Amino acid sequence: MTQTTASGSRLEQTRRVGEFPGPRSREIAERRSAAVAAGVASSVPVYAADADGGVVVDVDGNSFVDLGSGIAVTSVGASDPAVAKAVAEAAAHFTHTCFMVTPYEGYVKVAERLNELTPGDHAKKTVLFNSGAEAVENAVKIARAATGRNAVVVFDHAYHGRTNLTMALTAKAMPYKHGFGPFAPEVYRVPMSYPFREENPDITGAEAAKRAITMIEKQVGADQVAAILIEPIQGEGGFIVPAEGFLPALSEWATANGVVFIADEVQAGFCRTGEWFSVDHEGVVPDLVTTAKGIAGGMPLSAVTGRAELLDAVHGGGLGGTYGGNPVACAAALAAIETMDQQDLRGRARRIEEIAREVLEPLVGQGVVGEMRGRGAMLALELVRPGTREPNPEAAKAIAAACLQEGVLILTCGTYGNVIRLLPPLVIGEELLRDALGVLKEAIAAQ
Ligand SMILES: *Cc1c(COP(=O)(O)O)cnc(C)c1O
Numbered sequence: 001m002t003q004t005t006a007s008g009s010r011l012e013q014t015r016r017v018g019e020f021p022g023p024r025s026r027e028i029a030e031r032r033s034a035a036v037a038a039g040v041a042s043s044v045p046v047y048a049a050d051a052d053g054g055v056v057v058d059v060d061g062n063s064f065v066d067l068g069s070g071i072a073v074t075s076v077g078a079s080d081p082a083v084a085k086a087v088a089e090a091a092a093h094f095t096h097t098c099f100m101v102t103p104y105e106g107y108v109k110v111a112e113r114l115n116e117l118t119p120g121d122h123a124k125k126t127v128l129f130n131s132g133a134e135a136v137e138n139a140v141k142i143a144r145a146a147t148g149r150n151a152v153v154v155f156d157h158a159y160h161g162r163t164n165l166t167m168a169l170t171a172k173a174m175p176y177k178h179g180f181g182p183f184a185p186e187v188y189r190v191p192m193s194y195p196f197r198e199e200n201p202d203i204t205g206a207e208a209a210k211r212a213i214t215m216i217e218k219q220v221g222a223d224q225v226a227a228i229l230i231e232p233i234q235g236e237g238g239f240i241v242p243a244e245g246f247l248p249a250l251s252e253w254a255t256a257n258g259v260v261f262i263a264d265e266v267q268a269g270f271c272r273t274g275e276w277f278s279v280d281h282e283g284v285v286p287d288l289v290t291t292a293k294g295i296a297g298g299m300p301l302s303a304v305t306g307r308a309e310l311l312d313a314v315h316g317g318g319l320g321g322t323y324g325g326n327p328v329a330c331a332a333a334l335a336a337i338e339t340m341d342q343q344d345l346r347g348r349a350r351r352i353e354e355i356a357r358e359v360l361e362p363l364v365g366q367g368v369v370g371e372m373r374g375r376g377a378m379l380a381l382e383l384v385r386p387g388t389r390e391p392n393p394e395a396a397k398a399i400a401a402a403c404l405q406e407g408v409l410i411l412t413c414g415t416y417g418n419v420i421r422l423l424p425p426l427v428i429g430e431e432l433l434r435d436a437l438g439v440l441k442e443a444i445a446a447q
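Right under this line is the structure:
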């Protein structure tokens, strides 16, 4: 039996940092620089020993408040008892058989759950993979096979992964694409709806969609387009929430033109925004949905879910992979989804938004805070030079560093590197969250 604290957590839910990196972290860092490729960077200089609820504890005993969830992954916490138990039980039986060799029920159960939870009541099917990038690549493969067309339309500020095709689909050169070309062809980028940075601040979502659609029609040709691929709330690009009406208009145009509408819910899905999926806020029903990050409590798993006739348009053996839908990861996903349901993590995400807006919204329009945006527990502050809309990446960096010094782990993002993003585990306690937001508020005020 694991010992729990008064709050029911295994680890004390407190912020407690001495001088860091401590001796153990420094020692590991030295070995790392000799052994690990320099191309993989880390946000913080400490090494994790334990994590639970809203805290990450390092190898020297420092306890950080986690406002990043390992990039929107550990929504149920990094050691949810239900996930840990499901993983241990599954691993004690079999860690792998390969679904393409000897299939197992866990995979089928995850597919059934995803078919139920994703938007729309049409007949759906699912195929499982390991990473978000792999899900996105396969969604494109499915759309191409089903339509017999090649072109894929993506958006400014988009992020879809680091493999060759998904680099092509991603907008930002540094660090994701720089020096890694040539990239996959037949990818066309059109303007996003980005209310804070529109030249015409009154442009509606429908008008922004029209701008994108005209570009598609004139520069690509509607009948050449296999898919429109979009993050309903953009993640790495800066937590950009398009103007209301943008997503529905694109989705309607796609349907009218035989184009597959793919919602990349890898970051925004699974209760993060206060709904199961971020398209749910506008009632949009995508043809295909890609999921990963929050799906399995940190175990590597991803999925493409969508219209049965699209998934079934691919020839037998055309989809798969050695590890896709690993049985231990499937067990973790079923447990994580159960936790989301039982603990009403959609409601928790909405409560996190209420608290964060209460603390941070008064700062908007003052000093470096240009805008606060996002939904649920996917919230961001876009930082500017005071009195302008000019991006202020230095402030974002300084604020994240100041928070870290005080024991609060905060991530940045954005095409211009000027966005502070909040992605706490949805199970974080209110007191701990308020404590961390207080630290953030002070760090912003010090700018
Ligand atoms: C993180 C992310 C991906 C890529 O997922 P990986 O698991 O890192 O391959 C794709 N799309 C979106 C929207 C993401 O946030």
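Those letters in the sequence shown? Residues 1 to 447, by UniProt numbering.
For every residue, glycine included, the Cβ atom is placed at its ideal position computed from N, Cα and C.
What you are looking at is a predicted structure, and each value in this text was computed from that prediction instead of being measured.
Q: Alpha carbon to alpha carbon, how far is A111 from M215? Give it in angstroms, no decimals.
A: 36 Å
Q: To the nearest angstrom, report how far apart V46 and I71 are at their CA atoms.
A: 17 Å
Q | Pick from L250, S75, G61 and S43 that is closest to G54, judged by C-alpha positions | A | S75
Q: Please classify I410: does DSSP put it in a helix, a strand, or coil?
A: coil
**Q.** DSSP state of M340 mapped onto helix, strand, coil
**A.** helix
Q: Could you pull out every residue in the same chain whose Cβ sits closer than 8 Å to the Cβ of V57, ignoring the five residues on either side in sequence?
A: L11, A48, A49, D50, A51, S63 and F64
Q.
Taking only three categories from DSSP, how would you classify G18?
A. coil
Q.
For a test of your reading of the model: does the CB of G133 fall under 7 Å from any non-hydrogen atom of ligand 1? Yes or no.
A. Looking at the sequence provided, one finds Ala at residue 133 rather than Gly. Flag set: Cβ of A133 near ligand 1.
Q: Label M1 either buried or exposed according to how many other C-beta atoms from any shown protein chain fall within 10 Å of its C-beta, with 16 as the threshold for buried.
A: Interpretation of M1 is limited by its pLDDT of 41, a score under 50 that renders its predicted location unreliable; the figure taken from the coordinates is listed afterwards. Burial call: exposed.
Q | Residue of G438, T415, R350 and G365 minimising C-alpha distance to R375 | A | R350
Q: Mark L91 as exposed unless 16 or more other C-beta atoms lie within 10 angstroms of its C-beta, in which case mark it buried.
A: Before going further, note that residue 91 is Ala rather than Leu in the sequence given. The residue is exposed, with fewer than 16 neighbouring Cβ atoms inside 10 Å.
**Q.** Opening and closing residue of the beta strand (DSSP E) in which T291 lies
**A.** L288 to T291
Q | Nearest to A329 (by Cα), restricted to the options A143, P103, P393 and H96 | A | H96
Q) Would you say V127 faces chain B, with C-beta separation under 8 Å as the test? A) Among the chains in the structure shown there is no chain B, since it carries only a single protein chain.
**Q.** Residue from A268, R434, T339 and V59 with nearest C-alpha to A356
**A.** R434
Q: Could you tell me which uninterrupted alpha helix (DSSP H) segments, each at least 4 residues in length, are contained entirely in the segment 282-321, listed from first to last along the chain?
A: 308-311
**Q.** Integer-rounded CB distance, given that L310 should sit under 8 Å from A146
**A.** 5 Å
Q: Name the one or two DSSP bridge partners that F129 has.
A: S302
Q.
If distances are taken between C-alpha atoms only, which option among E198, T163 and F94 comes closest to P242?
A. E198
Q) Exposed or buried, G283, counting other C-beta atoms within 10 Å across all chains shown (16 or more means buried)? A) exposed
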